[in-house]
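Residue numbers (the UniProt record's numbering): 1 to 286.
Glycine residues also receive a C-beta, built at the ideal position from the N, C-alpha and C atoms.
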(Lines of atoms letter the chains of each structure in order from A and count residues from 1; the text may use other names and numbers.)
(Lines give C-alpha, C1' and ligand atoms only; values in the text may rest on other atoms or scores of the structure.)
Protein backbone atom coordinates (compact mmCIF):
# COMPACT_ATOMS: atom_id res chain seq x y z
CA UNK A 1 0.00 0.00 0.00
CA UNK A 2 1.10 3.58 -0.69
CA UNK A 3 3.08 5.25 2.09
CA UNK A 4 4.56 8.15 0.08
CA UNK A 5 1.65 10.19 -1.23
CA UNK A 6 2.95 11.15 -4.66
CA UNK A 7 0.64 11.24 -7.67
CA UNK A 8 1.12 8.12 -9.76
CA UNK A 9 2.18 5.82 -6.96
CA UNK A 10 1.05 2.22 -7.24
CA UNK A 11 -0.32 -0.31 -4.78
CA UNK A 12 -1.38 -3.90 -5.30
CA UNK A 13 -5.17 -4.10 -5.21
CA UNK A 14 -7.36 -6.88 -3.89
CA UNK A 15 -7.40 -8.53 -7.33
CA UNK A 16 -3.59 -8.54 -7.45
CA UNK A 17 -3.37 -5.80 -10.09
CA UNK A 18 -1.53 -2.49 -9.92
CA UNK A 19 -3.75 0.36 -8.74
CA UNK A 20 -2.77 3.86 -9.90
CA UNK A 21 -3.18 6.51 -7.20
CA UNK A 22 -3.89 10.24 -7.35
CA UNK A 23 -3.13 12.87 -4.69
CA UNK A 24 -3.97 16.57 -4.73
CA UNK A 25 -2.47 18.63 -1.91
CA UNK A 26 -3.81 22.05 -0.90
CA UNK A 27 -1.60 25.14 -0.88
CA UNK A 28 -0.57 25.60 2.76
CA UNK A 29 1.93 27.31 4.97
CA UNK A 30 4.71 25.14 6.39
CA UNK A 31 3.36 22.95 9.20
CA UNK A 32 -0.26 23.79 8.43
CA UNK A 33 -2.63 20.82 8.31
CA UNK A 34 -5.34 20.26 5.70
CA UNK A 35 -8.93 20.91 6.81
CA UNK A 36 -9.73 17.28 6.10
CA UNK A 37 -9.27 14.35 3.75
CA UNK A 38 -11.56 13.63 0.79
CA UNK A 39 -11.51 10.38 -1.17
CA UNK A 40 -12.92 10.55 -4.72
CA UNK A 41 -14.61 7.39 -6.06
CA UNK A 42 -15.10 7.64 -9.82
CA UNK A 43 -17.76 6.08 -12.02
CA UNK A 44 -17.84 3.32 -14.63
CA UNK A 45 -15.28 3.66 -17.46
CA UNK A 46 -13.90 6.89 -15.96
CA UNK A 47 -10.80 7.53 -13.85
CA UNK A 48 -10.06 9.53 -10.74
CA UNK A 49 -9.16 12.78 -12.52
CA UNK A 50 -12.43 13.23 -14.40
CA UNK A 51 -13.97 15.39 -11.66
CA UNK A 52 -11.36 18.15 -11.89
CA UNK A 53 -13.78 21.00 -11.15
CA UNK A 54 -14.88 19.41 -7.89
CA UNK A 55 -11.31 18.42 -6.99
CA UNK A 56 -10.03 21.95 -7.62
CA UNK A 57 -12.76 23.41 -5.41
CA UNK A 58 -11.90 21.04 -2.57
CA UNK A 59 -8.14 21.63 -2.66
CA UNK A 60 -8.80 25.37 -2.96
CA UNK A 61 -10.76 25.13 0.29
CA UNK A 62 -7.84 23.42 2.03
CA UNK A 63 -8.69 19.73 1.69
CA UNK A 64 -6.27 16.93 0.85
CA UNK A 65 -8.00 15.08 -2.00
CA UNK A 66 -7.03 11.59 -3.05
CA UNK A 67 -8.27 8.52 -4.87
CA UNK A 68 -7.29 5.89 -7.41
CA UNK A 69 -8.35 4.43 -10.72
CA UNK A 70 -10.39 1.30 -10.03
CA UNK A 71 -9.07 -1.96 -11.47
CA UNK A 72 -9.77 -2.04 -15.21
CA UNK A 73 -10.00 1.77 -15.38
CA UNK A 74 -7.66 4.63 -16.25
CA UNK A 75 -4.01 3.82 -15.62
CA UNK A 76 -4.66 0.88 -13.28
CA UNK A 77 -4.12 -2.73 -14.27
CA UNK A 78 -6.78 -5.29 -15.05
CA UNK A 79 -8.90 -5.93 -18.14
CA UNK A 80 -9.93 -2.50 -19.41
CA UNK A 81 -13.59 -1.76 -18.87
CA UNK A 82 -14.22 -5.05 -17.08
CA UNK A 83 -15.74 -5.00 -13.59
CA UNK A 84 -15.31 -8.39 -11.91
CA UNK A 85 -16.95 -7.49 -8.60
CA UNK A 86 -17.77 -4.22 -6.86
CA UNK A 87 -16.64 -5.89 -3.63
CA UNK A 88 -13.03 -5.71 -4.86
CA UNK A 89 -13.42 -1.98 -5.43
CA UNK A 90 -14.85 -1.49 -1.95
CA UNK A 91 -11.93 -3.38 -0.41
CA UNK A 92 -9.39 -1.24 -2.31
CA UNK A 93 -11.11 2.01 -1.31
CA UNK A 94 -11.21 1.10 2.39
CA UNK A 95 -7.56 0.01 2.37
CA UNK A 96 -6.45 3.23 0.68
CA UNK A 97 -8.50 5.44 3.01
CA UNK A 98 -7.15 3.65 6.08
CA UNK A 99 -3.52 4.22 5.09
CA UNK A 100 -3.99 7.91 4.30
CA UNK A 101 -5.98 8.44 7.49
CA UNK A 102 -3.13 6.97 9.53
CA UNK A 103 -0.79 9.56 8.02
CA UNK A 104 -3.12 12.39 9.08
CA UNK A 105 -4.41 11.39 12.52
CA UNK A 106 -7.29 13.43 13.84
CA UNK A 107 -8.41 14.86 10.52
CA UNK A 108 -11.99 14.26 9.35
CA UNK A 109 -12.37 11.96 6.35
CA UNK A 110 -15.04 12.35 3.69
CA UNK A 111 -15.79 10.23 0.65
CA UNK A 112 -17.35 11.48 -2.59
CA UNK A 113 -18.77 8.99 -5.09
CA UNK A 114 -20.27 9.58 -8.52
CA UNK A 115 -22.41 7.03 -10.40
CA UNK A 116 -20.87 3.56 -9.85
CA UNK A 117 -18.56 5.37 -7.44
CA UNK A 118 -21.69 6.19 -5.43
CA UNK A 119 -22.49 2.48 -5.17
CA UNK A 120 -18.93 1.80 -4.02
CA UNK A 121 -19.11 4.71 -1.57
CA UNK A 122 -22.33 3.52 0.06
CA UNK A 123 -21.08 -0.06 0.42
CA UNK A 124 -17.75 1.15 1.84
CA UNK A 125 -19.45 3.45 4.37
CA UNK A 126 -21.86 0.70 5.39
CA UNK A 127 -18.93 -1.65 5.97
CA UNK A 128 -16.81 0.81 7.97
CA UNK A 129 -18.93 3.85 8.94
CA UNK A 130 -16.41 4.84 11.62
CA UNK A 131 -13.90 5.80 8.91
CA UNK A 132 -15.95 8.69 7.54
CA UNK A 133 -17.20 12.00 8.91
CA UNK A 134 -19.59 12.19 5.98
CA UNK A 135 -20.55 10.78 2.59
CA UNK A 136 -21.32 12.68 -0.62
CA UNK A 137 -23.15 11.02 -3.50
CA UNK A 138 -23.59 12.52 -6.95
CA UNK A 139 -26.00 10.58 -9.19
CA UNK A 140 -25.37 7.30 -7.33
CA UNK A 141 -26.18 4.05 -9.11
CA UNK A 142 -28.74 2.54 -6.73
CA UNK A 143 -31.50 1.53 -9.14
CA UNK A 144 -30.81 0.51 -12.72
CA UNK A 145 -32.32 2.76 -15.35
CA UNK A 146 -35.05 0.80 -17.15
CA UNK A 147 -33.98 2.29 -20.51
CA UNK A 148 -30.44 0.95 -20.12
CA UNK A 149 -31.24 -2.30 -18.27
CA UNK A 150 -34.21 -3.93 -19.95
CA UNK A 151 -35.54 -7.26 -18.62
CA UNK A 152 -33.86 -9.02 -21.56
CA UNK A 153 -30.47 -7.45 -20.84
CA UNK A 154 -30.76 -8.33 -17.15
CA UNK A 155 -31.68 -11.91 -18.06
CA UNK A 156 -28.65 -12.18 -20.37
CA UNK A 157 -26.34 -10.70 -17.73
CA UNK A 158 -27.47 -13.22 -15.13
CA UNK A 159 -27.33 -16.31 -17.32
CA UNK A 160 -24.35 -15.61 -19.59
CA UNK A 161 -21.97 -13.94 -17.14
CA UNK A 162 -20.08 -17.16 -16.42
CA UNK A 163 -19.80 -18.47 -19.96
CA UNK A 164 -19.36 -15.20 -21.90
CA UNK A 165 -18.37 -12.43 -19.44
CA UNK A 166 -16.42 -10.47 -22.06
CA UNK A 167 -19.24 -10.35 -24.60
CA UNK A 168 -20.24 -6.75 -25.32
CA UNK A 169 -23.84 -5.98 -24.44
CA UNK A 170 -24.58 -2.26 -24.74
CA UNK A 171 -22.81 1.04 -25.44
CA UNK A 172 -23.07 3.93 -23.01
CA UNK A 173 -24.34 7.08 -24.71
CA UNK A 174 -22.08 9.93 -23.61
CA UNK A 175 -24.68 12.41 -24.86
CA UNK A 176 -26.62 11.47 -21.73
CA UNK A 177 -23.78 12.43 -19.38
CA UNK A 178 -24.42 16.17 -19.42
CA UNK A 179 -25.91 18.98 -21.49
CA UNK A 180 -22.40 20.49 -21.50
CA UNK A 181 -21.16 19.66 -25.02
CA UNK A 182 -17.54 20.47 -24.13
CA UNK A 183 -17.57 17.80 -21.42
CA UNK A 184 -19.25 15.28 -23.73
CA UNK A 185 -16.54 15.88 -26.33
CA UNK A 186 -13.86 15.37 -23.69
CA UNK A 187 -15.39 12.04 -22.71
CA UNK A 188 -15.54 11.06 -26.38
CA UNK A 189 -11.84 11.74 -26.93
CA UNK A 190 -10.01 11.22 -23.60
CA UNK A 191 -7.77 8.15 -24.13
CA UNK A 192 -8.07 7.16 -20.46
CA UNK A 193 -11.86 6.80 -20.68
CA UNK A 194 -13.09 3.39 -21.87
CA UNK A 195 -15.57 3.68 -24.73
CA UNK A 196 -16.31 0.10 -25.76
CA UNK A 197 -19.51 -1.75 -24.88
CA UNK A 198 -20.51 -2.67 -21.35
CA UNK A 199 -19.80 -6.40 -21.18
CA UNK A 200 -22.14 -9.03 -19.81
CA UNK A 201 -19.72 -9.62 -16.92
CA UNK A 202 -19.64 -5.94 -16.01
CA UNK A 203 -23.42 -5.65 -16.26
CA UNK A 204 -23.85 -8.61 -13.94
CA UNK A 205 -21.33 -7.22 -11.43
CA UNK A 206 -23.28 -3.96 -11.30
CA UNK A 207 -26.58 -5.80 -10.86
CA UNK A 208 -25.07 -7.83 -8.01
CA UNK A 209 -23.85 -4.65 -6.35
CA UNK A 210 -27.22 -2.89 -6.32
CA UNK A 211 -28.96 -6.08 -5.22
CA UNK A 212 -26.54 -6.23 -2.30
CA UNK A 213 -27.03 -2.55 -1.53
CA UNK A 214 -30.84 -2.47 -1.70
CA UNK A 215 -31.63 -4.34 1.54
CA UNK A 216 -28.94 -2.38 3.41
CA UNK A 217 -30.29 1.09 2.69
CA UNK A 218 -32.34 0.78 5.88
CA UNK A 219 -29.04 0.54 7.80
CA UNK A 220 -27.66 3.91 6.64
CA UNK A 221 -27.14 6.04 9.73
CA UNK A 222 -24.09 8.05 8.68
CA UNK A 223 -24.34 11.70 7.51
CA UNK A 224 -24.77 12.04 3.76
CA UNK A 225 -25.52 14.46 0.96
CA UNK A 226 -27.07 13.07 -2.22
CA UNK A 227 -27.33 15.15 -5.40
CA UNK A 228 -29.15 13.80 -8.46
CA UNK A 229 -30.56 15.19 -11.70
CA UNK A 230 -34.18 14.35 -12.39
CA UNK A 231 -33.44 13.91 -16.13
CA UNK A 232 -30.69 11.34 -15.50
CA UNK A 233 -30.87 8.54 -18.08
CA UNK A 234 -27.97 6.51 -16.65
CA UNK A 235 -28.70 6.19 -12.93
CA UNK A 236 -32.36 6.30 -12.01
CA UNK A 237 -33.25 9.25 -9.77
CA UNK A 238 -35.60 6.95 -7.84
CA UNK A 239 -32.46 5.61 -6.15
CA UNK A 240 -31.79 9.00 -4.57
CA UNK A 241 -35.39 9.22 -3.40
CA UNK A 242 -35.05 5.81 -1.73
CA UNK A 243 -32.45 7.38 0.57
CA UNK A 244 -35.16 9.56 2.10
CA UNK A 245 -36.25 6.48 4.05
CA UNK A 246 -32.91 5.92 5.78
CA UNK A 247 -32.65 6.33 9.58
CA UNK A 248 -29.79 8.84 9.23
CA UNK A 249 -30.47 11.99 11.23
CA UNK A 250 -28.13 14.05 9.04
CA UNK A 251 -29.21 13.64 5.43
CA UNK A 252 -29.67 16.05 2.56
CA UNK A 253 -31.16 14.98 -0.76
CA UNK A 254 -31.04 17.56 -3.54
CA UNK A 255 -32.82 16.81 -6.81
CA UNK A 256 -31.73 19.13 -9.62
CA UNK A 257 -34.46 19.74 -12.21
CA UNK A 258 -33.63 19.02 -15.87
CA UNK A 259 -30.10 17.84 -15.04
CA UNK A 260 -28.39 14.83 -16.56
CA UNK A 261 -25.99 12.31 -14.98
CA UNK A 262 -22.97 14.55 -14.35
CA UNK A 263 -24.73 17.27 -12.38
CA UNK A 264 -21.33 18.70 -11.44
CA UNK A 265 -20.64 19.48 -15.11
CA UNK A 266 -24.02 20.86 -16.17
CA UNK A 267 -24.01 24.28 -17.91
CA UNK A 268 -25.85 27.52 -17.08
CA UNK A 269 -24.64 27.63 -13.49
CA UNK A 270 -26.03 24.23 -12.49
CA UNK A 271 -22.60 22.58 -12.20
CA UNK A 272 -21.27 25.48 -10.15
CA UNK A 273 -24.28 25.22 -7.82
CA UNK A 274 -23.65 21.48 -7.38
CA UNK A 275 -19.96 21.99 -6.57
CA UNK A 276 -20.80 24.80 -4.13
CA UNK A 277 -23.36 22.59 -2.38
CA UNK A 278 -20.83 19.77 -1.99
CA UNK A 279 -18.19 22.14 -0.65
CA UNK A 280 -20.60 23.83 1.77
CA UNK A 281 -21.85 20.49 3.10
CA UNK A 282 -18.35 19.13 3.70
CA UNK A 283 -17.12 22.42 5.22
CA UNK A 284 -20.01 22.48 7.70
CA UNK A 285 -18.93 19.06 9.01
CA UNK A 286 -15.16 19.59 9.10
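Per-residue DSSP class, three states only, for residue i
i: residue 199; result: strand
i: residue 65; result: strand
i: residue 117; result: helix
i: residue 23; result: strand
i: residue 175; result: helix
i: residue 18; result: strand
i: residue 12; result: strand
i: residue 302; result: In the structure displayed, the chain extends from 1 to 286; residue 302 sits before or after that span and is not available.
i: residue 137; result: strand
i: residue 283; result: helix
i: residue 168; result: strand
i: residue 144; result: strand
i: residue 112; result: strand
i: residue 273; result: helix
Close beta carbons around residue i, own chain, < 6 Å, minus the five adjacent residues each side
i: residue 3; result: Bear in mind that the predicted position of residue 3 carries a pLDDT of just 45, short of 50, making it unreliable; the figure below should be weighed with that in mind. Closer than 6 Å at the Cβ level, and outside the excluded window around residue 3, lies no residue.
i: residue 23; result: 5, 7, 66
i: residue 69; result: 20, 47, 48, 75, 76
i: residue 247; result: 221
i: residue 129; result: 222
Residues near residue i by beta carbon distance below 8 Å, same chain, minus five either side
i: residue 245; result: 217, 218
i: residue 119; result: 86, 113, 140, 141, 142, 206, 209, 210, 213
i: residue 10; result: 2, 18, 19, 20, 21
i: residue 277; result: 225, 227, 254
Counted within 10 angstroms of its Cβ, other Cβ atoms place residue i as buried (16 or more) or exposed
i: residue 211; result: exposed
i: residue 223; result: buried
i: residue 182; result: exposed
i: residue 30; result: exposed
i: residue 301; result: Outside the displayed span of the chain (1 to 286) sits residue 301, for which this structure offers no information.
i: residue 271; result: buried
i: residue 266; result: buried
i: residue 262; result: buried
Cβ shell of residue i (< 7 Å), same chain only, five flanking positions each side left out
i: residue 275; result: 53, 54, 57, 264
i: residue 145; result: 233, 234, 235, 236
i: residue 286; result: 35, 36, 108
message: Suppose only complete runs of 4+ residues qualify. What are the alpha helix (DSSP H) ranges in the segment 196-246, listed by chain order?
response: 200-213, 238-242
query: Quick check: the segment 55-65 against the segment 29-36, are there 3 or more CB pairs under 8 Å?
result: yes
query: Is the segment 275-283 touching the segment 128-140 in the sense that three or more CB pairs, one from each, lie closer than 8 Å?
result: yes
query: So does the segment 99-114 actually touch the segment 197-209, counting three or more Cβ pairs closer than 8 Å?
result: no
message: Suppose only complete runs of 4+ residues qualify. What are the alpha helix (DSSP H) ranges in the segment 35-106, listed by chain order?
response: 52-60, 86-103
- prompt: Are the segment 219-231 and the segment 250-264 touching, with three or more C-beta to C-beta distances below 8 Å?
  reply: yes
field: Cβ contact check for the segment 8-21 and the segment 81-98: 3 or more pairs under 8 Å
entry: yes
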